[in-house]
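In what follows, a structure is listed as structure tokens, so that the remarks can point back to it.
Chains as they are written, first to last, in the working numbering: chain A, 269 to 766; chain B, 16 to 511.
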């Protein structure tokens, strides 16, 4: 594409290292008016690198990059296939959109001198998450998990300028996140002891000869660690507070990325750890996913109905949507993985759009409480329209990306003759209608407050909100790009040539 | 213009009208002129579609593919064109009435009202012209959401509650049984295209087909088959023009139209007729009778009309369930005739309210002298809905009875006869009350010192019911040509 070959050859590592190295520089810049553009620039450069990776892996190729030229399995290998590349693209695009909004969004709640450090945390978080998806080394995954988690704690805690409860939310996540990471690293240790390797591809080959019990224990620890990060029921309790109290612009980034990376890990490790062939008598984690996923769908939606705050409502809605992805994963096969990926991408767009709109609303009105949104439809008509678009997509109304997501899972369930799952998903849309309608009634029907601040969205939000809103509609009508990408990924993961 | 261009124009014109309404919202007269021009334009486009329809040249027009195999596709066919004609034809009249009514009521949020109305019409056109079940579902859902702001229009506590019920019923039925049935059909038949003769024969056994038919009958909540009819009376919280066009014509007729399409092009008429629809016949017939009985108990005029609509819609479901060409013909005619009859009645009920501020049957005693022309129009509408000659409403009742006789269903024949009596029983009292009862003196709402006159009634609220009442008579004569138009696709040989 547009980059010189010298950079192209290292794109797999640059996409991680560039924001990682830029983060401290951004943090050291005192003037936030210089730090913000620099952070945006770095994030956008990462998007270009990620695009390059997608381009290079589109046909089914795998890029293997030996870090420091130490060959795997001794050295750390970055291994980029289409799944990794697509995830990297999602992460960097989300990071860029958040970066574009952040300086305006954060202005009312944070002192200018503190802002560069927040921008640095965003870059670090993005870098850590990207590292997880491009590395081929299991221990390296843990390292990046920690980098991204530490940055996430900062992102959440920095919401304390608006609401002090952000500190407890961050602390909560710190404790749970650390527990999850511990589980994860213990799992790695077990697997390392019995296989002698940390390279995931290598591990996949050796694991069938390894001792059965150790593998079961190891993969169970791994699974719990990931499940916690994925907010899988009943390990979800960190998520609502984290999303609700983080600065809305950072919640936008987290909603688009954090749990998605855990879903990525499940897909990746399903391939190399959980689904190992042979006489293993492995624990069947896949069978766990449809029931847990359905429970999350119902539970998340039901709590969302009672939420009094838009961000909280969206957070519980995210739990429900993660449930849908797990259901799709659990159904398995090429179609199941494809459906999970379709949901992953579409949900990032839809929920990102809603959180971005919420960012604009909070920026203007200072609150995300539903009862403070009376009259929004007339006072901020543009923001209201984007809320409607996102809300309809969450319900799964046709011509939105949400319909494509839901229909793809229902179709797989019907194909497999799994009536419970199909019926459960369809029924859960009803609860979705209930909570989405609370947003509409609060913004459209309630008597407007006369003291509400005047003016629609700040222009800084136009591009992110507009892009995500347009994506919600466009990918609902012209779904071919997302479906093609997801299907290719699924074929690659299942080892089937399309 | 080619047929494809006309189809696109029919769908896009109302949406373009809605945009223009939003833009011109500040200038009331201009905004309403936009509505009227849009309605006239749509009527012309649909007329050209019908006039130029050529079954041999009706090629599908694929617009998008939402999932592989789940296409958005248009295709003109006679039943859809009939529905489009009814909805487009009545939009103009209803817009005139809306202008009279909304101005007289000094209603707020009129720009939103007219814009949503135009969008709803666009959705109805997309339903009418859909070429497969996927497209129909997309437009059907869009129609639900587009009409929500209209139902909730007054934004009073009652309106919000009513609109919630409206939405809950329609979304719940469409997202669970309807979408479920569509995906099931998709997987069983491998396609969702509307194909003459159906796509399901031999794909599922008859027991499962009966289940699927029930999923469709209840999934299409807009057809208001009992006991899932509750949204329709709730929707009466809307301003009367909304009740008139949407809850007598566009929305509810979209429901029964969907059932007709499914019968003719998804199941195939013969498939339903060989026993698949038998249980649905019973449910639909019961719905006709029970809803008629409930209508008699309602004092509120609009509630009475709503239950009457439930009963009359069930007749179309009944026609579908019988699975006979002649019954389907009755269903198509019922779609047309009931639309014209019931919109007359709703116009009438709204006009009574405008002229006399009365909404209840018990209050309107003696108003016949004040609004004679209006009451005659209401009488025409009532007789047509009941199915008496010389009104269009006679034809569907007549053909349904003929179908029931053909199938040797004596009980059903009795039911249908009874339903006509019941219909007269709950509609004619409106006219009797108005003309032949003296006003009660003890009526607290009655203010003897203020005498109402037809002059109080905006002329725009009076002309439309008179025109639609006259239309009911014209349709009596025009029915055979409608039948001839749809006969080829439903396999109706000689005209009865």
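Just so you know, even glycine gets a beta-carbon here, dropped at the ideal spot from N, CA and C.
Nothing here was measured: the structure is a model prediction, and the numbers come from that model.
What residue from the options has the CA that sits closest to residue i's CA?
i                     : options                    : result
residue 218 (chain B) : B:227, B:208, B:203        : B:203
residue 621 (chain A) : A:489, A:501, A:652        : A:652
residue 434 (chain B) : B:302, B:30, B:312, B:359  : B:302
residue 329 (chain B) : B:145, B:472, B:355, B:295 : B:295
residue 399 (chain B) : B:491, B:224, B:427, B:415 : B:491
residue 227 (chain B) : B:282, B:240, B:244        : B:282
residue 120 (chain B) : B:137, B:372, B:206        : B:372
residue 195 (chain B) : A:757, A:693, A:758        : A:693
residue 458 (chain A) : A:438, A:444, A:481, A:448 : A:481
residue 165 (chain B) : B:190, B:244, B:132        : B:132
Does residue i get closer than 8 Å to chain A when you measure Cβ to Cβ?
i                     : result
residue 132 (chain B) : no
residue 285 (chain B) : no
residue 167 (chain B) : yes
residue 281 (chain B) : no
residue 34 (chain B)  : no
residue 182 (chain B) : yes
residue 229 (chain B) : no
residue 272 (chain B) : no
residue 257 (chain B) : no
residue 175 (chain B) : yes
Hey, quick one: how far does the alpha helix (DSSP H) through residue i stretch, first residue to last?
i                     : result
residue 156 (chain B) : 148 to 166
residue 193 (chain B) : No alpha helix (DSSP H) holds residue 193 (chain B); DSSP gives it neither H nor E.
residue 451 (chain A) : 433 to 463
residue 489 (chain B) : 474 to 505
residue 332 (chain A) : Looking at the DSSP string, residue 332 (chain A) is not in any alpha helix (DSSP H); the run it does join, the beta strand (DSSP E), is 331 to 334.
residue 450 (chain B) : 425 to 451
residue 743 (chain A) : 730 to 745
residue 129 (chain B) : 125 to 144
Between residue i and chain B, is there a C-beta pair that is closer than 8 Å?
i                     : result
residue 705 (chain A) : yes
residue 759 (chain A) : no
residue 751 (chain A) : yes
residue 679 (chain A) : yes
residue 683 (chain A) : yes
residue 569 (chain A) : no
residue 326 (chain A) : no
residue 272 (chain A) : no
residue 747 (chain A) : yes
residue 672 (chain A) : yes
residue 754 (chain A) : no
residue 585 (chain A) : no
residue 334 (chain A) : no
residue 676 (chain A) : yes
Flag residue i as yes when its Cβ comes closer than 7 Å to any non-hydrogen atom of the ligand ATP, and as no otherwise.
i                     : result
residue 724 (chain A) : Because no ligand of any kind appears in the structure shown, any question about the ligand ATP cannot be addressed here.
For the beta strand (DSSP E) that contains residue i, what are its first and last residues?
i                     : result
residue 79 (chain B)  : 76 to 82
residue 417 (chain B) : It is not in any beta strand (DSSP E) - residue 417 (chain B) instead sits in the alpha helix (DSSP H) that spans 409 to 421.
residue 268 (chain B) : No beta strand (DSSP E) contains residue 268 (chain B), which is instead part of the alpha helix (DSSP H) from 266 to 276.
residue 345 (chain A) : 345 to 348
residue 500 (chain A) : Counting along the chain, residue 500 (chain A) falls outside any beta strand (DSSP E), and DSSP gives it neither H nor E.
residue 89 (chain B)  : 85 to 89
Mind listing the chain A neighbours of residue i? Cutoff is C-beta to C-beta under 8 Å, in chain order.
i                     : result
residue 187 (chain B) : 698, 701
residue 160 (chain B) : 660, 665
For residue i, go through chain A and note every residue whose CB falls closer than 7 Å to its CB, in chain order.
i                     : result
residue 382 (chain B) : Simply none; closest approach about 35 Å.
residue 170 (chain B) : 713
Along chain C, which residues have their Cβ under 8 Å away from the Cβ of residue i?
i                     : result
residue 156 (chain B) : Of the protein chains in this structure, namely A and B, none is chain C.
Could you list which residues in chain B have their beta carbon closer than 8 Å to that of residue i, in chain order?
i                     : result
residue 638 (chain A) : By Cβ distance, chain B contributes nothing, its closest Cβ being about 15 Å from residue 638 (chain A), past 8 Å.
residue 690 (chain A) : 195, 198
What does residue i touch in chain B if you count any residue whose Cβ is under 9 Å from its own?
i                     : result
residue 720 (chain A) : Near residue 720 (chain A) there are no residues of chain B at all, since even the closest Cβ is about 18 Å away, more than 9 Å.
Please list, in chain order, the chain B residues whose beta carbon lies closer than 7 Å to that of residue i.
i                     : result
residue 578 (chain A) : Correct list: empty, because the minimum Cβ distance to chain B is about 19 Å.
* What residues from the segment 653 to 666 of chain A come within 8 Å of chain B, judged by C-beta to C-beta, listed N to C? -> For chain B, the residues of the segment 653 to 666 of chain A that bring a beta carbon within less than 8 Å of one of its beta carbons are 660, 663, 664, 665, 666, in chain order.
* Output, in sequence order along the chain, the residues in the segment 189 to 212 of chain B whose CB is closer than 9 Å to any CB in chain A. => Answer set for the segment 189 to 212 of chain B: 190, 191, 192, 194, 195, 198, 199, 201, 202.
* To do: Give the residues from the segment 72 to 105 of chain B that approach chain A closer than 8 Å (Cβ to any Cβ), ordered along the chain.
  => Of all residues in the segment 72 to 105 of chain B, 79, 80, 81, 82, 83, 85, 87 have a Cβ within less than 8 Å of some Cβ in chain A.
* In chain order, what residues of the segment 595 to 618 of chain A put their CB closer than 7 Å to some CB of chain B? -> So nothing in the stretch comes that close.
* Can you list, in chain order, the residues of the segment 125 to 153 of chain B whose Cβ is nearer than 7 Å to any Cβ on chain A? -> Here the close residues are 152, 153.
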